[in-house]
Amino acid sequence: MTDDDLLLAFRQFVACLRPGGGCIISVRDYDEEARGTNLVKHYGARVEDGKRYVLFQVWDFGGDHYDLSFFVVEDELATGQAKTHVMRSRYYAASVARLCELMRKAGFESSRA
């Protein structure tokens with residue numbers, strides 16, 4: 592994902608709006624997030640149907656992008672056997688200010704955080 596990708600998407604948003612229409616988007620404020628590697632984000636534990644599920648993410652930043660690994664540990668309470676599942680993705684950590692700038696460039700009359 593790049594600024595050009597975001598700009599294209601915002602231009603497509605503008606093309607879909609009626610005159611005077613609006614667009615609300617929800618984003619993560621990456622300026623408030625620590626940058627680095629092996630950053631762990633815990634999502635707690637849940638028990639369902641005799642299994643405990645422990646959920647967490649690991650973030651590894653490289654510049655304005657980061658690799659995210661989402662882990663689900665599946666713990667069979669009766670047998671003590673456990674499985675770990677991991678899904679991976681890459682994200683662009685664009686700041687809110689940068690997103691607002693790209694929205695204005697795409698044709699939105701105003702944008703704010």
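So for the sequence shown, the working numbering puts the first residue at 592; every next one is plus one. Even for Gly, the Cβ is constructed at its ideal location relative to N, Cα and C. This one's a predicted model, so the numbers in the text were calculated from it and none came from an experiment.
C-alpha gap between residue i and residue j, whole angstroms
{"i": "D658", "j": "L597", "result": "18 Å"}
{"i": "G616", "j": "K696", "result": "Sequence inspection shows Ile at residue 616; the Gly mentioned does not correspond to that position. Going from the Cα of I616 to the Cα of K696 covers about 16 Å."}
{"i": "R689", "j": "G641", "result": "46 Å"}
{"i": "G698", "j": "T628", "result": "36 Å"}
{"i": "R701", "j": "R602", "result": "According to the sequence provided, residue 701 is Ser. The question's Arg does not apply to it. If I take the Cα positions, the gap works out to 14 Å."}
{"i": "H633", "j": "T670", "result": "25 Å"}
Of the listed residues the options, nearest to residue i (C-alpha basis)
{"i": "T593", "options": "A704, E667, H656 and G671", "result": "H656"}
{"i": "A625", "options": "G654, C614, G611 and A600", "result": "G654"}
{"i": "D600", "options": "C614, P610 and R609", "result": "In the sequence on display, residue 600 carries Ala and not Asp. Ranking the options by Cα distance to A600, first place goes to C614."}
{"i": "V687", "options": "K674, D595, E639 and E623", "result": "E623"}
{"i": "M678", "options": "L646, R619 and F604", "result": "L646"}
{"i": "Y682", "options": "E700, W650 and V638", "result": "W650"}
{"i": "F662", "options": "Q603, L693, G635 and S701", "result": "G635"}
{"i": "Y621", "options": "A704, A684, E692 and K674", "result": "A684"}
{"i": "S680", "options": "D666, F652 and E692", "result": "F652"}
{"i": "E639", "options": "V618, L668 and R619", "result": "L668"}
Beta carbon of residue i nearer than 8 Å to that of residue j
{"i": "V664", "j": "Y644", "result": "yes"}
{"i": "S660", "j": "Q648", "result": "yes"}
Residue i, DSSP secondary structure in three states
{"i": "A669", "result": "coil"}
{"i": "L597", "result": "helix"}
{"i": "D640", "result": "coil"}
Exposure of residue i, with buried meaning 16 or more beta-carbon neighbours within 10 Å
{"i": "L608", "result": "exposed"}
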